[in-house]
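Peer 1:
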Ligand SMILES: Cc1cc2nc3c(=O)[nH]c(=O)nc-3n(C[C@H](O)[C@H](O)[C@H](O)COP(=O)(O)O)c2cc1C
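Residue numbers (our numbering): 1 to 212.
What follows is the structure, encoded as structure tokens:
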């Protein structure tokens, strides 16, 4: 079981696509969306939080119906949720996107919500914690928090594009980052063509490419 948290940084689509792909690959997903994330979802995706299972409703609205039984969502204030305890055997927690506020809380053990508590649990239990921080530019405080988390065992995976996959749409760029997270989780995907495959298919060397 993989836990996914979506926080109020720009780019909640990164967490949403990740949940969709995890469900597609048959994973059970425990998901938490912060209040701020719902505000950003409202702004960036023109979607209003609705119903008792708001993330499932959002996924249905995007046309996703298969695999929704594998999705369990929890209120971000519910510290009685399974994700608040190390005795719940989640394999990994991905925070995508991760706001600088949640990053700071995770770096300092400030477990005031289900998301920050789950980060704390992942670190103390030495489970995989993958953070997808979104901010630019980064202050030395942000960078210091990332270094602290990296040293504590977290993986910092900023949503930085690799242009070798030659993305043409925002969807392809989102899928590139989603694929990078899935790679770290050891889950097979076909969201982008890895460089090794591009080379084996004969990716042209710069000197053989036509001038643009
Ligand atoms: C439209 C919008 C975009 C935002 N983008 C970012 C961002 O990219 N990175 C960030 O760290 N905070 C961003 N924020 C601020 C966070 O939402 C805010 O710090 C919030 O308290 C984070 O709470 P959470 O970590 O509990 O979700 C944004 C806020 C809004 C309204």
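Even glycine gets a Cβ: it sits at the ideal position worked out from N, Cα and C.
Residues in its own chain within less than 6 Å of residue 86 by CB, not counting five upstream and five downstream?
Peer 2: Sequence index remark: in the chain shown, residue 86 carries index 86 (1-based). Closer than 6 Å at Cβ, skipping near neighbours: 121 and 125.
Peer 1: Ligand 1: which residues have Cβ under 6 Å from any of its heavy atoms, chain order?
Peer 2: Proximity to ligand 1 was defined by a C-beta distance below 6 Å to any of its heavy atoms, and the residues meeting it, in sequence along the chain, are 7, 8, 9, 10, 34, 36, 37, 39, 40, 43, 99, 100, 101, 102, 134 and 135.
Peer 1: What is the DSSP secondary structure of residue 110, reduced to helix, strand or coil?
Peer 2: By 1-based counting over the chain shown, the position of residue 110 is 110. Residue state, collapsed to three classes: coil.
Peer 1: Given a cut-off of 7 Å, decide if residue 32 and residue 99 are closer than it, judged by their beta-carbon atoms.
Peer 2: Position 99 of the chain shown, counted from the start, is the residue given in the question as residue 99. Position 32 of the chain shown, counted from the start, is the residue given in the question as residue 32. Cβ atoms of residue 99 and residue 32: not closer than 7 Å.
Peer 1: Sort 148, 53 and 166 by Cα distance to residue 203 and report the nearest one.
Peer 2: Stepping through the chain shown from its first residue, residue 203 is reached at position 203. Nearest option by C-alpha distance: 166.
Peer 1: Per the contact definition of three or more C-beta pairs closer than 8 Å, is the stretch 142-151 in contact with the stretch 34-43?
Peer 2: The stretch 34-43 is not in contact with the stretch 142-151.
Peer 1: Alpha carbon to alpha carbon, how far is residue 80 from residue 141?
Peer 2: What you label residue 80 is simply residue 80 of the chain shown in a count that begins at 1. What you label residue 141 is simply residue 141 of the chain shown in a count that begins at 1. Cα to Cα, residue 80 sits roughly 31 Å from residue 141.
Peer 1: From what residue to what residue does the alpha helix (DSSP H) around residue 196 run?
Peer 2: Along the chain shown, one-based indexing puts residue 196 at 196. Looking at the DSSP string, the run of the alpha helix (DSSP H) that includes residue 196 is 195-200.
Peer 1: Would you please state the rounded distance, in angstroms, between the beta carbons of residue 14 and residue 178? I believe it to be under 8 Å.
Peer 2: The count along the chain shown starts at 1 and reaches residue 14 at position 14. The count along the chain shown starts at 1 and reaches residue 178 at position 178. At roughly 7 Å, the Cβ-Cβ gap stays under 8 Å, so residue 14 and residue 178 are in contact.
Peer 1: Quick one: measure Cβ to Cβ for residue 132 and residue 157, integer angstroms, because I've assumed they're closer than 8 Å.
Peer 2: Sequence index remark: in the chain shown, residue 132 carries index 132 (1-based). Sequence index remark: in the chain shown, residue 157 carries index 157 (1-based). That pair is a contact at about 5 Å.
Peer 1: Nearest to residue 102 by alpha carbon, out of 139, 145, 91 and 66?
Peer 2: Position 102 of the chain shown, counted from the start, is the residue given in the question as residue 102. When each option's Cα is compared against that of residue 102, the closest is 145.
Peer 1: Buried or exposed for residue 197, going by 16 or more other Cβ atoms inside 10 Å?
Peer 2: Start at 1 with the first residue of the chain shown, and residue 197 comes out as number 197. With fewer than 16 other beta carbons inside 10 angstroms of its own, residue 197 counts as exposed.
Peer 1: Quick check on DSSP: helix, strand or coil for residue 79?
Peer 2: Stepping through the chain shown from its first residue, residue 79 is reached at position 79. Three-state result, residue 79: coil.
Peer 1: If we ignore side chains and look at the alpha-carbon of each, how far apart do residue 91 and residue 128 end up?
Peer 2: Reading the chain shown from its first residue, position 91 is the one you call residue 91. Reading the chain shown from its first residue, position 128 is the one you call residue 128. Residue 91 and residue 128: Cα-Cα distance of roughly 7 Å.
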